[in-house]
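Novice: When we follow our numbering, the leftmost residue of the sequence shown carries the number 9, and every step to the right adds one.
Even for Gly, the Cβ is constructed at its ideal location relative to N, Cα and C.
Since the model is a prediction, treat every value here as computed from it, not as a measurement.
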Amino acid sequence: MATISDIGLAAAINILTTFAFLVAFAVLRLQPINDRVYFAKWYVKGVRNSPIHSGASVQKFVNLNFRSYLRFLEWVPAALRMPEPELIDHAGLDSVVFLRIYLIGLKIFVPITILAFSVLAPINWTNDTLKDSGNLEHSEIDALSISNIPTGSQRFWAHLGMAYIFTFWTCYILFKEYGIVVSMRLHFLSSAKRRPDQFTVLVQNVPLDPDETVSELVEHFFLVNHHDHYLMHQVVYDTNKLGGLVEEKKQMENWRDYYELKYERRPSKRPTCKTGFWGLFGKKVDAIDFYTSKIDKLCKDEAIERENIIKNPKYVMAAAFVSFRTRWGAAVCAQTHQTRNPTLWLTDWAPEPRDVYWPNLSIPLVSLTIRRLIMAVTFFFLTFFFMVPIAVVQSVANIEGIEKAVPFLRPLIEIPVVKSFIQGFLPGIALKIFLILLPTILMIMSKYEGFISLSSLQRRAASKYYIFIIINVLLANIIAGTAFQQLDSFIHQSANEIPKTIGESIPMKATFFITYIMIDGWAGIALEIVRLVPLIIYHLKVAFLVKTEKDKEEAADPGCIEFAASEPRIQLYFLLGLAYSTVTPFLLPFILLFFGLAYVVFRHQIINVYNQEYESAAAFWPDVHRRIVTALIVSQLLLIGLLSTKKAALTTPFLIPLPVLTVWFHRFCINRYASAFTKYPLQEAMMRDTLERAREPNFDLKAYLLDAYIHPAFKTEKKNSVCVAKEIEHEKVLVATKRNSNKNTPISSKNTSSPSLPMEIQEQL
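#1: Excluding five sequence neighbours on each side, which residues of the same chain lie with their C-beta closer than 7 Å to the C-beta of R348?
#2: I'd like the list of long-range same chain contacts for Y581, defined as Cβ closer than 8 Å, with 5 residues on each side in sequence excluded.
#3: Report yes or no: do the region 23-40 and the region 535-546 share at least 3 C-beta pairs separated by less than 8 Å?
#4: Indicate the three-state DSSP secondary structure (helix, strand or coil) for V105 in the structure shown.
#5: Going along the chain, which residues of its own chain have a beta-carbon closer than 8 Å to the beta-carbon of I15, five neighbours each way excluded?
#6: Assuming D265 is part of the beta strand (DSSP E), what are its boundary residues?
#7: Does the region 637-645 come into contact with the region 184-201, if we say contact requires no fewer than three beta-carbon pairs (one atom in each stretch) closer than 8 Å?
#8: Would you say Y622 and L376 are within 7 Å of each other, going by their C-beta atoms?
#9: In its own chain, which residues sit with a C-beta less than 8 Å from the C-beta of P372, not counting the 5 before and 5 after it?
#10: For S13, which of helix, strand or coil comes out of DSSP?
#11: Say whether the region 168-182 touches the region 41-49, bearing in mind that this needs 3 or more beta-carbon pairs closer than 8 Å, one atom from each stretch.
#12: Is it buried or exposed, E562, if we count other Cβ atoms within 10 angstroms and call 16 or more buried?
#13: Could you tell me the boundaries of the beta strand (DSSP E) in which Y245 lies?
#14: Quick one: measure Cβ to Cβ for Q620 and A86, integer angstroms, because I've assumed they're closer than 8 Å.
#15: On the DSSP bridge list, what partners appear for F207?
#16: Per DSSP, what kind of secondary structure is Q1 in: helix, strand or coil?
#17: Closest to Y607 by CA distance: which of L543, I527, V84 is it?
#18: Given a cut-off of 7 Å, decide if A124 and S589 are closer than it, judged by their beta-carbon atoms.
#19: Assess contact between the region 632-641 and the region 663-677, defined as three or more Cβ pairs (one per stretch) separated by less than 8 Å. Is contact present?
#20: Would you decide whether T659 is buried or exposed? Buried here means 16 or more other CB atoms lie within 10 Å of its CB.
#21: Which ranges would you report for the alpha helix (DSSP H) in the region 148-218 if only whole runs of at least 4 residues count?
#22: Report the residue from F164, A358, K282, G251 whose alpha carbon sits nearest the alpha carbon of T208.
#23: Quick check: the Cα distance between L465 and I449, rounded to an integer number of angstroms?
#24: Along the chain, which unbroken stretches of the alpha helix (DSSP H) at least 4 residues long are found entirely within the region 570-642?
#25: Would M260 and Y299 be called neighbours here (beta carbons separated by less than 7 Å)?
#26: List the whole-angstrom C-beta distance separating D294 from R278, where the pair is believed to meet the contact cut-off of C-beta under 8 Å.
#27: Would the region 311-319 count as touching the region 247-258 if we require 3 or more Cβ pairs under 8 Å?
#28: Helix, strand or coil for F80? Go by DSSP, reduced to three states.
#29: Can you look up V55 in the DSSP assignment and give me helix, strand or coil?
#30: Can you tell me whether N42 is buried or exposed? The criterion is at least 16 other CB atoms within 10 Å of its CB, across all chains shown.
#31: Where do the N-terminal and C-terminal ends of the alpha helix (DSSP H) with V232 fall, by residue?
#32: Are the beta-carbon atoms of F594 and L78 separated by less than 7 Å?
#33: Quick one: grab the DSSP three-state call for T283.
#34: Please confirm whether G458 and R379 have their CB atoms less than 7 Å apart.
#35: Mind checking E704: buried by the 16 CB within 10 Å criterion, or exposed?
#36: Helix, strand or coil for F662 per DSSP?
Okay, here's the thing in structure tokens:
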């Protein structure tokens with residue numbers, strides 16, 4: 009168990025490591041050779057040029073202006089200087105609301121930390137329970153925890169009062185923040201520029217008909233039911249094979265461009281390559297001719313596959329992107345049922361084009377339920393089987409476990425400095441390693457579930473990650489770690505005393521989480537701004553793989569904030585802070601430092617590095633709110649269970665209303681604000697439509713939307729877009745039905761001379 013000297017050594021090392029990372033970043037960002045890595049967003053926006061192209065030979069790569077090194081921390085005020093409205097214009101609302109999560113952490117935990125250290129820490133410290141506990145292992149830090157209060161003491165009333173104060177304060181901040189985010193979202197939507205998703209609805213589960221194609225069915229249905237607002241539609245095709253061909257052709261074209269540039273530099277010799285694996289084996293051939301022939305073959309394959317997709321009905325999915333003449337028409341369609349059967353003609357807002365995850369659009373709607381059931385079972389087993397290695401590692405990642413596993417290292421381990429290093433670092437590092445691959449695994453599972461937008465994939469993976477954190481990071485570490493650390497106490501005492509030992513030991517587990525916070529929340533955040541891995545990969549690509557200017561741009565791809573991994577990581581700190589605020593206040597300053605440092609670092613990254621992959625207008629905020637409320641409820645339940653083991657019979661019943669009140673608060677926030685994240689106000693839609701008609705009466709909306717929702721594989725050649733996009737002339741508002749029945753539209757079709765009523769209306773008449 010880590011002592012205060014172990015924590016002190018770990019804190020000193022982590023602070024020095026964090027400072028070293030920040031200094032390294034301050035130096036590396038000044039070097040012209042690294043400019044594309046540390047200011048990637050400005051290159052994407054086209055407002056920054058590489059300094060390598062100018063200056064003396066040495067100055068192209070190294071900054072020789074030594075005065076600039078004296079201002080190595082100038083990036084901090086620069087990151088904080090940009091006002092929020094300008095930041096929204098620069099990086100989008102998603103990025104700004106993501107930053108506000110860190111601000112909420114500061115707003116919640118600064119007053120809680122002050123109160124906890126002013127009231128609870130002295131109450132816990134002025135007891136001798138742990139000293140008189142006999143064989144119960146503890147450290148000096150645990151004297152500041154609730155474990156140091158004797159069983160049945162009246163001092164637990166202070167913890168009860170603080171629990172209510174902390175809960176009310178957290179709920180107050182969440183309520184205010186929910187209102188602020190809703191206001192920001194509505195203002196953003198009302199002031200945003202025209203976007204295709206404002207006019208487009210995704211229609212799924214279109215019922216198949218033997219007499220009409222899906223395209224004809226969609227057109228016929230919306231001309232009848234949304235006659236005044238329907239504009240055009242684009243059916244969804246299974247283009248996964250075509251997409252693979254397009255990507256392969258891009259790679260071949262890149263290689264051909266490389267060898268052509270090589271030949272231009274040295275025209276006396278034609279470049280050659282080998283036809284085998286990665287160009288390392290096989291017959292040596294002329295490189296330009298080889299890749300030109302491969303491109304020609306791929307073009308033919310593309311054309312054949314493209315023709316098959318358009319003509320073969322098996323490639324057409326029972327879904328379509330339907331666009332309307334007005335936002336009002338799209339809002340009405342997206343937010344209403346289309347038929348009596350609630351399983352058919354399902355409509356919802358279409359994701360913005362860059363947010364669409366195209367591979368999942370080809371999954372039939374029927375199979376989605378089965379896929380999600382399979383993934384739910386898989387996630388259940390992943391979560392609970394993960395407890396075993398975590399428990400084993402946590403049992404080994406301490407002095408006693410290492411000495412048992414490798415007894416010959418005992419003399420080295422018993423050296424005070426080495427012992428402090430192991431106690432202060434090893435458990436946190438072990439947990440960090442276990443969590444490295446988890447976000448990738450959860451994202452693969454979410455993709456298999458069939459979500460159709462990148463934003464929904466990120467939110468789904470984040471939800472799984474958060475559940476995993478609660479079960480395996482908090483509960484499993486507390487229970488398993490306590491069991492292994494107090495194993496000797498469990499063996500030598502009666503069964504009736506075990507709950508009491510667990511109650512006294514759980515607060516002591518805070519030392520493990522402190523080491524994790526320092527490693528992940530301090531040094532890890534500082535390493536984030538250094539971008540060490542992207543920096544190394546960029547220079548390796550430039551040295552060995554970059555062949556063209558396009559390759560260089562792709563090598564410096566800034567990426568974006570991975571919401572699926574970053575947001576649950578933040579939620580872990582909310583969970584730990586709220587769970588230990590009344591139990592072990594000593595943990596709170598470490599969390600405060602994380603929120604402050606992370607806010608500055610990620611503000612800088614959002615301004616200068618990360619390029620926004622999509623814009624959901626903060627659609628993830630209800631998930632953030634729900635997870636903080638969940639952390640609050642978990643902390644309350646842990647405190648109730650803890651006090652029950654301390655035989656605080658008078659105080660424990662007064663805690664039971666807290667979870668009830670917290671759930672009521674959550675329901676209140678949902679009823680008041682949640683609709684702003686799922687529905688678009690019709691009044692707002694009508695107002696924007698009216699203003700745009702007055703300002704731009706001749707705007708061609710059809711041309712604007714024509715290829716917005718065409719699969720990227722079809723956009724490789726402009727002429728093919730017209731073949732796929734379904735153009736509907738305003739005058740020719742109908743398509744003739746091919747059914748044998750009298751179902752048709754009430755207006756003359758281009759192939760009929762007299763109108764007829766739909767069968768449903770005829771039956772009613």
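Specialist: Let's see:
#1: none
#2: G113, I525, G529, I599, F602, F603
#3: yes
#4: helix
#5: I149, G432, T519, I522, T523
#6: Element bounds for D265: not the beta strand (DSSP E) but the alpha helix (DSSP H), 248-273.
#7: no
#8: no
#9: M325, A326
#10: helix
#11: no
#12: exposed
#13: 238-245
#14: In fact, because the Cβ distance is near 20 Å, the residues do not count as touching under 8 Å.
#15: Answer is none; F207 lacks a bridge partner.
#16: Residue 1 lies beyond the range of the chain shown here (9 to 773); nothing can be said about it.
#17: V84
#18: yes
#19: yes
#20: buried
#21: 164-199
#22: A358
#23: 12 Å
#24: 571-588, 596-616
#25: yes
#26: 6 Å
#27: yes
#28: coil
#29: coil
#30: buried
#31: 222-233
#32: no
#33: coil
#34: yes
#35: exposed
#36: helix
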